[in-house]
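Residue numbers (my numbering), protein chains in the order written: chain A, 1 to 119; chain B, 1 to 114.
Report on one structure; see the data block that follows.
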Amino acid sequence: AQKVTQAQTEISVVEKEDVTLDCVYETRDTTYYLFWYKQPPSGELVFLIRRNSFDEQNEISGRYSWNFQKSTSSFNFTITASQVVDSAVYFCALSEGQKGGASGSRLTFGEGTQLTVNP
Amino acid sequence: NAGVTQTPKFQVLKTGQSMTLQCAQDMNHEYMSWYRQDPGMGLRLIHYSVGAGITDQGEVPNGYNVSRSTTEDFPLRLLSAAPSQTSVYFCASSRFQGGNQPQHFGDGTRLSIL
């Protein structure tokens, strides 16, 4: 069975600080996909990034960057120079790869990390 | 382009009442699913479907029924509501390509069972 752990329940930082959200996953599959979603106070879920198990390149998008390390089964998310608008709950999620049947599309979510950025 | 539309946004039920949460998508996505979100537990999969007429159970299916008669709609039924079903419910859809597609979520339904 697959599992995603986000050990940081809550993080509080001051604006302009850098912050890293941790995500550790477990799966027996060799093909899998990792995702990050953002849930702002308004409640909707916003897709941020997808990474497949064959691509360990780090990715940067503006102030956001992601570090994928298969050796430690981690997919951490860093926000550089945080802003108040970054305050949200962030979820890491895992889906397993192509299988016979539909189960490959099932997302397993971590518990989420509540990030609060104070002015 | 509406994406994934959930109705209602809020609902209060009494224990034992039945209710259907509606979900519709206009992206012609094959895959649709229902999750519930509870504090400290992330989102947990209730039921999912890979196309009209095909549904399957997720992690927490007890107390919920689903059907998929069209590609667009995927309603979730509570047959006899219980306080333990108080939660925020999210419907999601994606193209079905073996798990590599990001799922598009509706805005959620906040359900309280008294």
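Using N, Cα and C, we set each Cβ at its ideal position, and we do this for glycine too.
| field | Chain-order list of residues whose beta-carbon lies under 7 Å from that of Gln83 (chain A) (same chain, five-residue window excluded) | value | Glu15, Val117
| task | Determine the contact status of Gln6 (chain B) and Gln22 (chain B), defining contact as a CB-CB distance below 8 Å. | result | Yes. Within cutoff.
| query | Can you round the beta-carbon distance between Ser49 (chain B) and Val66 (chain B) to whole angstroms, since I take them to be within the 8 Å contact cut? | reply | 7 Å
| query | To the nearest angstrom, how far is it from the Cα of Ala24 (chain B) to the Cα of Phe74 (chain B)? | reply | 6 Å
| Are any of the Cβ atoms in chain B nearer than 8 Å to that of Tyr64 (chain A)? | no
| task | Kindly indicate the opening and closing residues of the beta strand (DSSP E) around Glu59 (chain B). | result | No beta strand (DSSP E) contains Glu59 (chain B), which DSSP labels as neither H nor E.
| message | Assuming the contact rule is C-beta atoms closer than 8 Å, Ser95 (chain A) and Tyr32 (chain A) should be a hit. Round their C-beta distance to whole Å, please. | response | 7 Å
| message | I'd like to know if Leu34 (chain A) contacts chain B, where contact means its C-beta is closer than 8 Å to some C-beta of that chain. | response | no
| Which of helix, strand or coil does DSSP assign to Ser105 (chain A)? | Looking at Ser105 (chain A) - three-state DSSP - the assignment turns out to be helix.
| request: Please confirm whether Thr80 (chain A) and Ser61 (chain A) have their CB atoms less than 8 Å apart. | output: The beta carbons of Thr80 (chain A) and Ser61 (chain A) sit no closer together than 8 Å.
| Closer than 8 Å to chain B by CB, Ser96 (chain A) | In the sequence under discussion, the amino acid at residue 96 (chain A) is Glu, which differs from the Ser named in the question. It does: the Cβ of Glu96 (chain A) has a partner Cβ on chain B nearer than 8 Å.
| query | Is it right to say Gln103 (chain B) is buried, meaning 16 or more other beta carbons lie within 10 angstroms of its own, or is it exposed? | reply | A residue is called buried once 16 or more other Cβ atoms fall within 10 Å of its Cβ, and Gln103 (chain B) is buried on that count.
| query | Name the DSSP beta bridge partners of Lys70 (chain A), please? | reply | Note: Lys70 (chain A) sits in no beta bridge, so no partner.
| query | Quick one: is Thr30 (chain A) buried, meaning 16 or more other Cβ sit within 10 Å of its Cβ, or exposed? | reply | exposed
| task | Identify the continuous beta strand (DSSP E) that holds Phe90 (chain B) and give its terminal residues. | result | Element bounds for Phe90 (chain B): 87–94.
| query | Hey, quick one: how far does the beta strand (DSSP E) through Ala1 (chain A) stretch, first residue to last? | reply | From DSSP, Ala1 (chain A) is part of no beta strand (DSSP E); its letter is neither H nor E.
| message | By the DSSP assignment, the beta strand (DSSP E) with Cys92 (chain A) in it spans what residues? | response | 88–96
| Among B:Thr71, B:Val88, B:Ser93, B:Ala92, the one whose alpha carbon lies nearest that of Thr117 (chain B) | Since the first residue of chain B shown is 1 and the last is 114, residue 117 (chain B) is not available in this structure.
| query | If we ignore side chains and look at the alpha-carbon of each, how far apart do Arg28 (chain A) and Ser53 (chain A) end up? | reply | 12 Å
| message | Quick check on this structure: which residue in B:Met41, B:Thr15, B:Pro39, B:Ala2 has the alpha carbon closest to the alpha carbon of Asp26 (chain B)? | response | Taking each of B:Met41, B:Thr15, B:Pro39, B:Ala2 in turn and checking the Cα distance to Asp26 (chain B), the smallest one comes out for B:Ala2.
| said: When you compare the region 70–78 of chain A with the region 5–15 of chain A, are there three or more beta-carbon pairs, one atom per stretch, that lie closer than 8 Å? | reply: no
| field | Listed by chain order, chain A residues near Gln103 (chain B) by CB distance under 7 Å | value | Leu107
| task | For Glu111 (chain A), go through chain B and note every residue whose CB falls closer than 9 Å to its CB, in chain order. | result | Gly40, Met41, Gly42
| task | Note down, in chain order, each residue of its chain lying with its Cβ closer than 6 Å to the Cβ of Leu21 (chain A), except the 5 sequence neighbours on either side. | result | Phe77, Tyr90, Thr113
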